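Enquirer:
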Amino acid sequence: MCRRVRQHKRGFTLIELLIVVAIIAILAAIAVPNFLHAQLRAKVARCQADFHQLQLAIESYRTDNITYPMTSGMPWFTGTSGTGVDIRLWCLTYPIPYMKTLALRVFPTERAANRDGQLGTPSSFDKYDYYSIYHNGAPQHITDLHRTSGGEWRVSQPGPDRYHTFGEIQPEYDPSNGLLSDGDICIVGPPGPRIPGTAPIKYNRAKGQWGDPPWNVW
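Going by our numbering, the sequence shown opens with residue 915, and the numbers climb by one from there.
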């Protein structure tokens, strides 16, 4: 009579399972931050690319019209002096379409600040900001240059910190300072009018502005 030999299948022990879980956790801890940082770098690159397209549209408009889009929009059209960037820059889409849309890819604003650094409520209509020293079609006071980092115009949006200071009270965002460092993503136009008796303005790449003039507030 043959006797069957029962084979017992051996499973994983608790220690072996814990080791596997620990290895997976370590790999996830390495991979997830790298993945999130790659996503953030890609979003910054997309935002900057959109801003460069906007820069080309603004300068093309300037070439055709001898002036830049106005900061205040069209009060006679909107009935208010406080107009969103979609109204201020509507001239870039009609009647000549320098851009197809003004709905750019931007970081959402969670906090906003005025030029004194005081916190405020983010505007409901502005995802990014445009400001020109040619407020209503004519050059304004030279002190307006602090709002444009010394340029004839400035476009800004919050950086990864999601804190919009409108390109005024801190240097612009630079990923070389750290991927999550403070600062707005900005593009600055050509240098604005010179103060009589001063030297020509040179672009300061470290601060993302033209020169280091007395109107600089940071």
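For glycine and all other residues, C-beta sits at the position ideal for the given N, C-alpha and C.
From a predicted model like this one, the values you see are computed outputs, not experimental measurements.
#1: Can you grab the Cα-Cα spacing for the pair Gly1097 / Pro1072, in whole Å?
#2: Name the DSSP beta bridge partners of Gly1065, please?
#3: With three or more C-beta pairs closer than 8 Å as the rule, is the region 1015-1023 touching the region 956-965?
#4: Got a sec? Which residues, its chain only, sit under 6 Å from Leu1094 by beta carbon, not counting five neighbours each side?
#5: Please state whether DSSP places Ile1010 in a helix, a strand or coil.
#6: Hey, how far is the Cα of Leu1138 from the Cα of Ile944?
#7: Determine which residues share a DSSP beta bridge with Pro947 and list them.
#8: Please check the pair Ser1046 and Pro983, which I expect to be a contact at CB under 8 Å, by giving their CB distance rounded to whole angstroms.
#9: Spell out the partners DSSP gives Asp1098 in its beta bridges.
#10: Using CA atoms only, rank isn't needed, just tell me which of Ser1090, Val1102, Val934 is closest to Val958.
#11: For Leu1151, which residues of its own chain have a beta-carbon under 8 Å away from its beta-carbon, when the five flanking residues on both sides are left out?
#12: Around the Cβ of Lys1014, are there at least 16 other Cβ atoms within 10 angstroms (buried) or fewer (exposed)?
#13: Buried or exposed for Glu930, going by 16 or more other Cβ atoms inside 10 Å?
#14: Quick check: the Cα distance between Val1069 and Val946, rounded to an integer number of angstroms?
#15: Alpha carbon to alpha carbon, how far is Cys1100 from Phe1080?
#16: Let's see if you can read the secondary structure: which residues bound the beta strand (DSSP E) around Tyr982?
#17: Could you tell me which residues DSSP puts in a beta bridge with Asp1043?
Expert: Let me spell this out:
#1: By one-based count along the sequence shown, residue 1097 stands at place 183. By one-based count along the sequence shown, residue 1072 stands at place 158. Take the alpha-carbon of Gly1097 and the one of Pro1072: they are about 7 Å apart.
#2: Here residue 1065 corresponds to residue number 151 of the sequence shown, with the count starting at 1. Gly1065 has Pro1105 as its beta-bridge partners, per DSSP.
#3: Short answer: they touch.
#4: Residue numbering aside, residue 1094 sits at position 180 when the sequence shown is read from its first letter. Here the set comprises Pro1074.
#5: Here residue 1010 corresponds to residue number 96 of the sequence shown, with the count starting at 1. Of the three classes helix, strand and coil, the one that applies to Ile1010 here is coil, per DSSP.
#6: The question about residue 1138 has no answer, for the chain in this structure spans 915 to 1132.
#7: As a working note, residue 947 is residue 33 in the sequence shown. Pro947 is not bridged to any residue.
#8: Taking the sequence shown and counting its residues from 1, one reaches residue 1046 at position 132. Taking the sequence shown and counting its residues from 1, one reaches residue 983 at position 69. Going by Cβ atoms, the distance from Ser1046 to Pro983 rounds to 7 Å, so yes, they are a contact pair.
#9: Against the sequence shown, residue 1098 aligns to sequence position 184. Answer by DSSP bridge pairing, in chain order: Pro1072.
#10: In the sequence shown, residue 958 corresponds to position 44, counting from 1. Out of Ser1090, Val1102, Val934, Ser1090 has the C-alpha closest to the C-alpha of Val958.
#11: Absent from the structure is residue 1151, since the part of the chain shown begins at 915 and ends at 1132.
#12: Working through the sequence shown from its first residue, we reach residue 1014 at position 100. Here Lys1014 is exposed: its Cβ has fewer than 16 other Cβ atoms, across all protein chains shown, within 10 Å.
#13: For the purposes of this step, residue 930 is taken as residue 16 along the sequence shown, with counting starting at 1. Only exposed fits Glu930, as fewer than 16 other CB atoms lie within 10 angstroms of its CB.
#14: Your numbering for residue 1069 matches position 155 in the sequence shown. Your numbering for residue 946 matches position 32 in the sequence shown. Answer to the nearest angstrom: the Cα atoms are 33 Å apart.
#15: Here residue 1100 refers to the residue found at position 186 of the sequence shown. Here residue 1080 refers to the residue found at position 166 of the sequence shown. Using only the alpha carbons, I get a separation of about 9 Å.
#16: For the purposes of this step, residue 982 is taken as the residue at position 68 of the sequence shown. Under the DSSP assignment, Tyr982 falls outside any beta strand (DSSP E); it carries neither an H nor an E label.
#17: Along the sequence shown, one-based indexing puts residue 1043 at 129. DSSP lists Ser1070 as partners of Asp1043.
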